[in-house]
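For any residue, its number in my numbering is found by taking its place in the sequence shown, counting from 1, and adding 46. The beta carbon of each residue, even a glycine, is placed where N, CA and C say it ideally should be. Keep in mind it's a predicted model, so treat the numbers as computed, not measured. Structure, as structure tokens:
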Amino acid sequence: MKKINANKWWQIFKTTGRKFLDDKPFIYSSSIAYFAIFSLPAMAIITVMTAGSLYEDERVKTEMLSQISQLAGRNSAMEVERLMDTVIRTPESNLTKFISIATLLFSATTVFATLQESINAIWNIKPKPEKGVVKFLFNRLLSLAMVCSLGFLLLISLVADTLIALLKNFINDYLSGLAYYLIWMINTLISAGIITVVFALIYMVLPDAKIRLKYVWIGALLTALLFMLGKYLIGFYLSNSDITDSYGAAGSLVALLAWVYYSVLILLFGAEFTYAYTKHVGGKIRPSSHAVAIRVEEIEREGSSVT
């Protein structure tokens, strides 16, 4: 890997910013946020079921809602819980059960499938058209695996919380003056680690591309730092704005939509940074066996038109 000086970092961020604005991330974020509202209950249920296979379901659900509450506000967490309770009601007939399960799986994977298309476009990659049906099914299975992986990461978060609770007594007994700061630091580091792993998985597995892990980790770490900073800024905005009052009964849903929208923007910025960083240090992002690289060129001729 090439050595990176201050000027090189400036060039990387300059390329990232320019390409970020050119690739229309606001359109991608809007569509993903829209799909997320319909997919969120299904994703939440599958995440709880995955982590619940190794831990208590109710504890997992409480932890997940607590995480959502910290990120998007208490009202948004209550809205997610309400949507989950609505979806999870047991249908009467077997046909209705089958349709409900199929809809649940399709909804839960839609967000990641759309996110995959967005990162593919940012990295100038496109799936081969002749493998449409097979690719569609593969993408859905991959997206389902990503949803399930969130369940295991949530389980890790639960174990981490348990360890922090055990350490809390020790810290209070022997380091009472520093207890608050140490617990905050440990919790922040664990959260940053989990979030970095999530973004690394997204950048490494989701796109139809081959990229070396050392490039992915840099992009995932930056995205995690921006995400954690954005979490506080978005939370501050949502808690101090009248967005929930302006939209009445739908206010919690709108607040959740806004949080998803800004979070996806951060994720796409991280994808742009990963692309720019890889290119500037001499690395390559190659298409996988079922995809091709694309090149976009602007053609402009004075006094003539392009047909």
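- Inter-residue distance for L86 and W305 is about 13 angstroms (C-alpha atoms, whole angstroms).
- Spatial neighbours of T156 in its own chain (CB-CB distance under 6 angstroms, excluding positions within 5 residues in sequence) are listed in chain order as F81, S85.
- In the same chain as L314, and ignoring 5 residues on each side of it, the C-beta atoms closer than 7 angstroms to its own belong to P71, Y74, S75, S164, I168, in chain order.
- Counting C-beta atoms within 10 angstroms of its own C-beta, E318 has 16 or more neighbours from the protein chains shown and is therefore classed as buried.
- Around the C-beta of P175, fewer than 16 other C-beta atoms lie within 10 Å, and the residue is accordingly described as exposed.
- Taking a contact as a CB-CB distance under 8 angstroms, the pair Y323 and G265 counts as one, their CB atoms being some 6 angstroms apart.
- A residue is called buried when at least 16 other Cβ atoms come within 10 angstroms of its Cβ; A301 meets this threshold and is buried.
- In the three-state reduction of the DSSP assignment, R258 falls in the coil class, being assigned neither a helical nor a strand state.
- Between I232 and A270, the beta carbon gap of about 16 angstroms keeps them out of contact (Cβ cut-off 8 angstroms).
- I248 has no beta-bridge partner at all, per DSSP.
- By the 16-neighbour rule on beta-carbons within 10 angstroms, G328 is exposed.
- In terms of CA proximity to V106, V94 leads the group T160, V94, L151.
- With respect to the C-alpha of I58, the residue from T320, D69, L299, I91 having the closest C-alpha is T320.
- In the three-state reduction of the DSSP assignment, I83 falls in the helix class.
- L161 is the residue among S237, L161, Y283 whose C-alpha sits nearest the C-alpha of L252.
- Under the three-state reduction of DSSP output, I229 falls in the helix class.
- Membership of I58 in the alpha helix (DSSP H) is indicated by the continuous run 52 to 68.
- Taking 8 angstroms as the cut-off, the Cβ atoms of I331 and I257 count as close.
- Taking the C-beta atoms as reference points, A79 is found nearer than 8 angstroms to L303.
- Per DSSP, reduced to three states, the secondary structure at R332 is strand.
- Buried is the label assigned to L111, since at least 16 other Cβ atoms lie within 10 Å of its Cβ.
- For V338, the enclosing beta strand (DSSP E) stretches over residues 337 to 339.
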